[in-house]
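In the working numbering, the protein residues as written are 477 to 1163.
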């Protein structure tokens, strides 16, 4: 639990407060004064008697007790000040603006650790160091601009970068986006984005708290905490959007399995956000657009009407919406003709509804009313209205204001003339609205929000498997890739159906086992990781002589220790895999198998534990899902059994967290069964 003195201090001290408001210590003090902080305000500056009209304490020992200290002095002086404040002044909360810590040097990192240890010793809270501060209704402890007028219905914004937070606020405010609170965590030495999200969750008040949360994250240090509190907030009625920066890797890490090669740390972020219900964004304008969509009533379906007096933007918007899976259905029938008759000749009501450059405010109102009352299949409207500057358009935006307030369906305004109609747009924004200047950004944002599912509830059922039996298999094997016998035992323990097989060390045993399993058979080398690459897989072996010959050839392949014999099966090749990602836990992947996984790279990701319904969603999210359903007369695959395997694999990973990589590739699927044909499992046990 974060010390309450950080959010509701009765007294604040600014160490390094200055009369120069162009310095952080001066600007933050001015913002505290201008923000009318209701408590006691103190300043410490050894060179000044008064700072901005407030008495300056040259010696911290002379101070009374203080709840929150804001530090704007050189890093080397901070630890001594914090020791004095925690030990003698009962100070529980700190905001360190100064740089020169872990972001700069090893010595700075060590100083940062000492500061955190000192604050933790007294159950205190720390924001920073190397941050711009926080902005809440209780105190404006931030030194950057803009310093927006806070709105309880605006966005709560937590950022790992102070500058990025300022840039996002700057651009968002210009579009009408409002904010409820701002937190810049800097180095996150003690409190990070995840901890502040936890606070917003614990302190959430259905009536008074903001229901929109925005995050800018550079490093996810506590993914499980982020997952827990994001899900909790969303179940309470909130919406969350986040940028996770640093998604690319400078070079790829060596990986020995298909899963290892496909499952990057950034895919773990995607899986985490999807499980939590967080809309992932990739840039400032992206985040602003999604946040602005959040500020409107939610779409209840995917069908939109585009109302425009300019053709080009409507075409680009239609493209963006269609690519995102939203629909712009044509408007037809008697009611469509009635609407068309009320517009100027040449207008189109096909959807997009183009009422021409000469269209009037009255006609715009007529169209909006018709969409609301006569076309039940439409779930929301987008109105595009700019100007070439020939005449003022206040009347259009005044009508739009009234319609947005009374419409049964959400209306998203695209007002692109931000320079030519700057006064009119300001007039519109001052009425409490948000503008989307770019129609494509809006289209993409609507699609992102629509396609991000709500998180599942916690009451999920998982298959019953024998944890003790599975752990005994793990305990009896060494680190690395498990031998085929152990792999078979683990799959059996998880209830995952596998092909009959036999591991053979001599050609004589190979012939015997092939005859037992029944021809034709498949032969595979045991030892090499990528069997096909070394000629270690032979299909459709139909007689004993070929088994003998192939065994003698294959056993000579480098690293081969035995040959695996399996019956020749048929079906669509599928793939399920898992990989452990540090801090996040196990990622589970599924898709088409065999060579398709390498060529198409069409894979769905989920973060364990995976429920049965989550497994079903993973399958449906595949681009190749039509193949799984059955296409062009070819029978599909039993989706329920495919989902069951993913579900059981998740349970296996819970029983054996030592599994670091796992491939079931291929699984052979038909409309009646799915059988694991080949599997690899690598474990790492703690020493």
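Where is the CB? At the ideal position from N, CA and C, for every residue including glycine.
Residue interval of the alpha helix (DSSP H) (run including residue i)
{"i": "residue 1139", "result": "Not the alpha helix (DSSP H): residue 1139 falls in the beta strand (DSSP E), residues 1135 to 1145."}
{"i": "residue 1171", "result": "Residue 1171 lies beyond the range of the chain shown here (477 to 1163); nothing can be said about it."}
{"i": "residue 1080", "result": "Element bounds for residue 1080: not the alpha helix (DSSP H) but the beta strand (DSSP E), 1079 to 1083."}
{"i": "residue 557", "result": "554 to 564"}
Beta carbon of residue i nearer than 8 Å to that of residue j
{"i": "residue 1127", "j": "residue 970", "result": "yes"}
{"i": "residue 797", "j": "residue 804", "result": "yes"}
{"i": "residue 595", "j": "residue 571", "result": "no"}
{"i": "residue 818", "j": "residue 842", "result": "yes"}
{"i": "residue 525", "j": "residue 495", "result": "no"}
{"i": "residue 754", "j": "residue 716", "result": "yes"}
{"i": "residue 891", "j": "residue 840", "result": "no"}
{"i": "residue 884", "j": "residue 857", "result": "no"}
{"i": "residue 437", "j": "residue 575", "result": "There is simply no residue 437 to check, as the chain begins at 477 and stops at 1163 in what is shown."}
{"i": "residue 561", "j": "residue 604", "result": "no"}
{"i": "residue 1173", "j": "residue 482", "result": "Residue numbering for the chain in the displayed model covers 477 to 1163; residue 1173 lies beyond these limits and cannot be assessed."}
{"i": "residue 1098", "j": "residue 1107", "result": "no"}
{"i": "residue 710", "j": "residue 930", "result": "yes"}
{"i": "residue 1010", "j": "residue 1033", "result": "yes"}
{"i": "residue 551", "j": "residue 587", "result": "yes"}
{"i": "residue 602", "j": "residue 679", "result": "no"}
{"i": "residue 1043", "j": "residue 976", "result": "yes"}
{"i": "residue 1134", "j": "residue 950", "result": "yes"}
{"i": "residue 488", "j": "residue 508", "result": "yes"}
{"i": "residue 1171", "j": "residue 912", "result": "Nothing about residue 1171 can be reported from this structure: the residues present for the chain run from 477 to 1163 only."}
{"i": "residue 760", "j": "residue 746", "result": "no"}
{"i": "residue 1060", "j": "residue 672", "result": "no"}
{"i": "residue 903", "j": "residue 785", "result": "no"}
Host beta strand (DSSP E) of residue i (start-end)
{"i": "residue 857", "result": "856 to 860"}
{"i": "residue 870", "result": "Careful: residue 870 lies outside any beta strand (DSSP E), inside the alpha helix (DSSP H) at 870 to 882."}
{"i": "residue 1043", "result": "1038 to 1043"}
{"i": "residue 577", "result": "Note, residue 577: premise wrong, no beta strand (DSSP E); not H, not E."}
{"i": "residue 569", "result": "569 to 572"}
{"i": "residue 517", "result": "516 to 520"}
{"i": "residue 999", "result": "997 to 1002"}
{"i": "residue 979", "result": "978 to 980"}
{"i": "residue 1101", "result": "No beta strand (DSSP E) contains residue 1101, which is instead part of the alpha helix (DSSP H) from 1101 to 1105."}
Identified DSSP bridge partners for residue i
{"i": "residue 1125", "result": "Note: residue 1125 sits in no beta bridge, so no partner."}
{"i": "residue 1049", "result": "1144"}
{"i": "residue 1056", "result": "1062"}
{"i": "residue 631", "result": "655, 688"}
{"i": "residue 830", "result": "784, 824"}
{"i": "residue 779", "result": "803"}
{"i": "residue 957", "result": "1158"}
{"i": "residue 974", "result": "1152"}
{"i": "residue 487", "result": "516"}
{"i": "residue 1168", "result": "Since the first residue shown for the chain is 477 and the last is 1163, residue 1168 is missing from the structure and cannot be characterised."}
{"i": "residue 693", "result": "720"}
Alpha carbon of residue i to alpha carbon of residue j, nearest angstrom
{"i": "residue 650", "j": "residue 914", "result": "13 Å"}
{"i": "residue 887", "j": "residue 519", "result": "49 Å"}
{"i": "residue 564", "j": "residue 486", "result": "17 Å"}
{"i": "residue 952", "j": "residue 1131", "result": "15 Å"}
{"i": "residue 1187", "j": "residue 1067", "result": "Past the boundaries of the shown model lies residue 1187; the chain is included only from 477 to 1163, so the question cannot be answered."}
{"i": "residue 1026", "j": "residue 993", "result": "17 Å"}
{"i": "residue 593", "j": "residue 514", "result": "31 Å"}
{"i": "residue 1053", "j": "residue 480", "result": "45 Å"}
{"i": "residue 1021", "j": "residue 1096", "result": "45 Å"}
{"i": "residue 734", "j": "residue 1148", "result": "Reliability of the predicted coordinates at residue 734 is poor, the pLDDT of 40 falling under 50, and the value obtained from them is presented with this limitation in mind. Cα-Cα distance, rounded: 26 Å."}
{"i": "residue 730", "j": "residue 1129", "result": "Low confidence applies here, because residue 730 scores a pLDDT of 36, under 50, leaving its location unreliable; read the following figure in that light. Residue 730 and residue 1129: Cα-Cα distance of roughly 23 Å."}
{"i": "residue 836", "j": "residue 865", "result": "15 Å"}
{"i": "residue 926", "j": "residue 631", "result": "19 Å"}
{"i": "residue 736", "j": "residue 1081", "result": "Its pLDDT being 44, under 50, residue 736 is placed unreliably by the model, and the measurement read from it follows with that caveat. The straight-line gap from Cα to Cα measures roughly 13 Å."}
{"i": "residue 598", "j": "residue 541", "result": "14 Å"}
Environment of residue i [buried if 16+ CB atoms lie within 10 Å]
{"i": "residue 1006", "result": "exposed"}
{"i": "residue 658", "result": "buried"}
{"i": "residue 726", "result": "The pLDDT assigned to residue 726 is 44, lower than 50, so where the model puts this residue is not dependable, and the model offers no usable value."}
{"i": "residue 967", "result": "buried"}
{"i": "residue 635", "result": "buried"}
{"i": "residue 1120", "result": "buried"}
{"i": "residue 583", "result": "exposed"}
{"i": "residue 692", "result": "buried"}
{"i": "residue 849", "result": "exposed"}
{"i": "residue 728", "result": "Here the model assigns residue 728 a pLDDT of 34, short of 50, so the residue's position is not dependable, and the following value carries that caveat. Per the 10 Å Cβ criterion, exposed."}
{"i": "residue 1076", "result": "exposed"}
Closer than 8 Å to chain B by CB, residue i
{"i": "residue 768", "result": "Among the chains of the structure shown, chain B does not appear; only one protein chain is present."}
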